[in-house]
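The sequence shown runs 60 to 598 under this note's numbering.
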Amino acid sequence: IWVGMAVCIPTYLLASYMIKTGLNWYEALIIIGLANLIITIPMVLNGHAGVKYGVPFPVIGRVAFGTKGVHLAAVARGIIACGWFGVQTWIGGLAIYAIFNALAGTEGAAGLSVGKFVGFGIFWLINMYFIWNGTNSIKKLEAWSAPILIAIGLILIGWGYTNAGGFAIVLKQSGQLEKTAATLSETDGALFLHLNALKDKDGALKVSDYKIMAGDAESPWTPFVENQPVNISRYATAEAVSSGATTVTVQFRNTGGEQPVLSGIVTAAMVNPGQDNSGSKLWGYLLWLTAMVGFWATMSISIADITRYASTQKDQVAGQFIGLPGTMMLYSFVGIFVTCAAVINFKDVLIADDAPWDPVTLIARFENPAVVIIAQVFMLIATLSTNIAANVIAPANAFSNVLPRKISFRTGGVITAVIGILIAPWWLLNEISGFLIFVSGLLGPVLGILIADYFFIRRKRLALAEMYKEEGIYSYNKTGFNRAAMIALFVGVFLALVGYWVPALNFLYSLSWFTGFIISFAVYYLLMGKRHPSLKIQE
């Protein structure tokens, strides 16, 4: 089950996006491995109660948060799952869009298009069908999700290895993706443009010329010369670019084939060539470390839903430590290697920005329509089953538990699907690291409170029967809310996220999961003490 959770399209996406932001392949793998080891520790701790008492998170959560307070944690976790539902549904829509293009013999649009939204709508309706008719109708497919994605991953690695010249060449050439396609710098009052184009497996440039656009001005197509800064002071000034008055964009072209190949249009940003970037790179590592920890933030909270079925504590510990970090690193390597191979293999990928960062987009570029259609159908099956199991059931139950008489599981599923649209997954997909850091700030505090309560306040001793009583000791004087947990949650979330709006505290936001976890843990422990009334009855 741990392997099945780790083998999913978001795992592939995150790994390839790390390369996109300038990390090299081994830096990405180290961060992924370290982040998964870090999050596995609290996941194992939080899973302990599931094994010992055999109850899921919505029940165990009552102990720390109260019979009503637990809904806050559950709904927060549910809304995050809605975001993942939207992202996975958008990816499924891209697969449908690719099938349409393969059948029609047309090339897909590079950016957003009506066709992509139509595909998204169709796949959303397919998800709605299974939500409305009950998730049991898709359970038979769930067992096939991970095997399908593993098989596709192995096939893509074989394709990359065969066509790009082997592992050594691909990983060596992956360094190209660390370079930004276009940047600007100022020297002695002049504005210079620095360009980086991709090379094929033989080291030959894939770009022949380029053109510059700045405001209303546009240059002619100019031959591309590697490692030669271009003085563009005639088109723009450093002051105008820095102030935002002028935006400099660049497009690349390859005229070596029968038809010219154009890159996407990229915006050039100002950089300081003499600036020491070691500090910013360190923060880049920490940002991705937080994002990767946040990837498992939802599962770390509700892990008891799974560990309740484990026979022993040893089983759940071994399962998580062996299954999660190792599988995440292996499938992340698939994403990294295949993306790097695609940069070399596809002639129409001229710059790093145009690389196919997800498997659906990559498969859509294959020339054989039959291969594209068959592979995308398998991607649809895997995405659909994963989406329903991982991103619908938990939030639907969370919404239903808030108002059980008014919101059924089916209605909760509809709410999940609607939020999945409202959250704009087409935008969210390009902001995945920022999304995960924000998520970390919301859910890290919840996990900190759960672990502080179970291990340090109650010493792993809970009153099982009281968990099911609406007015028992865990109702906290029949209010349903544990005041200590509410205060700790608010303080932890506030301090974890405040840096998003206050630049001076940005370091707290960059480490949002760690910030929220530690602060909420400490505040809760101090507020609860050892003499709380809910500690008197234990089983």
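Glycine included, each C-beta is placed from N, C-alpha and C at the ideal position.
- Message: Output needed for Ile150: all residues of its chain with C-beta closer than 7 Å, excluding positions within five of it in sequence on either side, in chain order.
- Response: Ile68, Asp417, Val419 and Thr442
- Query: Quick one: what does DSSP say Asp374 is sitting in, helix, strand or coil?
  - Reply: helix
- Taking just the CA atoms, how far does Gly479 sit from Val122? 30 Å
- Status (buried if at least 16 other CB within 10 Å, exposed otherwise) for Val173: exposed
- Would you mind working out which of Asp412, Lys265 and Gly262 sits nearest Ile324, comparing C-alpha positions? Asp412
- Task: Go ahead and pull the three-state DSSP assignment for Leu327.
- Result: It should be pointed out that residue 327 corresponds to Ala in this sequence rather than to Leu. Three-state result, Ala327: coil.
- Item | Contact between the region 574-584 and the region 548-562 (3+ Cβ pairs under 8 Å) | yes
- Measure the CB-CB distance between Asn186 and Thr148 and report whether it falls below 8 Å. yes
- To the nearest angstrom, how far is it from the Cα of Tyr533 to the Cα of Glu525? 7 Å
- Query: Is it buried or exposed for Gln318, if we count other Cβ within 10 angstroms and need 16 for buried?
  - Reply: exposed
- Message: Between the alpha carbons of Ala249 and Val289, how many angstroms are there, rounded?
- Response: 10 Å
- Taking the alpha carbon of Pro71 as the point to measure from, which residue in Val134, Phe580, Val397 and Asn565 has its own alpha carbon closest? Correcting the residue identity first, residue 71 is Tyr in this sequence and not Pro. Checking every option, the nearest Cα to that of Tyr71 belongs to Val397.
- Could you spell out where the alpha helix (DSSP H) holding Val177 opens and where it closes? Val173 to Asn192
- Message: For the pair the region 117-136 and the region 538-549, tell me if three or more CB-CB distances fall below 8 Å.
- Response: yes
- Can you tell me the Cα-Cα spacing of Met351 and Leu389, whole angstroms? 15 Å
- State yes or no: is the C-beta of Lys519 within less than 8 Å of the C-beta of Lys111? yes
- Taking buried to mean at least 16 other C-beta atoms within 10 Å of its own C-beta, is Gly63 buried or exposed? buried
- Message: With the cut-off set at 8 Å, would you say Phe458 and Gly137 are in Cβ contact?
- Response: yes
- Query: Of the choices Thr386, Pro384, Thr371 and Phe189, whose alpha-carbon is the least far from that of Gly109?
  - Reply: Thr371
- Query: Which whole-angstrom value is the C-beta distance of Trp84 and Leu230, which I expect to be below 8 Å?
  - Reply: 6 Å
- Message: Between Ala74, Ile207 and His130, which has its C-alpha nearest Gln435's C-alpha?
- Response: Ile207
- Through-space distance from Ala241 to Thr326, alpha-carbon basis: 7 Å
- Check Pro428 in the structure and name its three-state DSSP category. helix
- Message: Once DSSP output is grouped into helix, strand and coil, what is the label at Arg121?
- Response: helix
- Task: Below 6 Å CB to CB, which residues in the same chain sit around Leu421 once its five sequence neighbours on both sides are set aside?
- Result: Ala401 and Pro415
- Item | Residues of its chain near Trp580, where Cβ-Cβ distance is below 6 Å and the 5 sequence neighbours each way are ignored | Contrary to the premise, residue 580 reads as Phe rather than Trp in this sequence. Here the set comprises Gly507 and Ala511.
- Quick one: measure Cβ to Cβ for Thr357 and Ala140, integer angstroms, because I've assumed they're closer than 8 Å. 6 Å
- Task: Entirely within the region 263-350 and at least 4 residues each: give me those alpha helix (DSSP H) ranges in chain order.
- Result: 297-302
- Using a Cβ-Cβ cut-off of 8 Å (strictly less than) and excluding sequence neighbours within five positions of Val451, which residues of its own chain qualify? Ala140, Phe144, Asn186, Ile190, Thr194, Gly472, Thr475 and Ala476
- Task: On a CA-only basis, which of Ala263, Ile291, Phe311 and Ser302 is nearest Pro282? Give me that one, please.
- Result: Phe311
- Query: When burial is assigned at 16 or more other CB atoms within 10 Å of the CB, is Thr349 buried or exposed?
  - Reply: buried
- Message: Pop quiz: Ser571 and Ser467 are said to be a contact at Cβ under 8 Å. What is the actual Cβ separation, rounded to whole angstroms?
- Response: Not confirmed; about 34 Å, so no contact.
- Query: Is Lys258 helix, strand or coil when you go by DSSP?
  - Reply: strand
- Query: Are Leu88 and Phe392 closer than 8 Å when you measure CB to CB?
  - Reply: yes
- Task: Determine the contact status of Phe116 and Ser361, defining contact as a CB-CB distance below 8 Å.
- Result: yes
- Message: Taking a contact to mean a Cβ-Cβ separation below 8 Å, would you say Phe182 touches Ile155 in this structure?
- Response: yes
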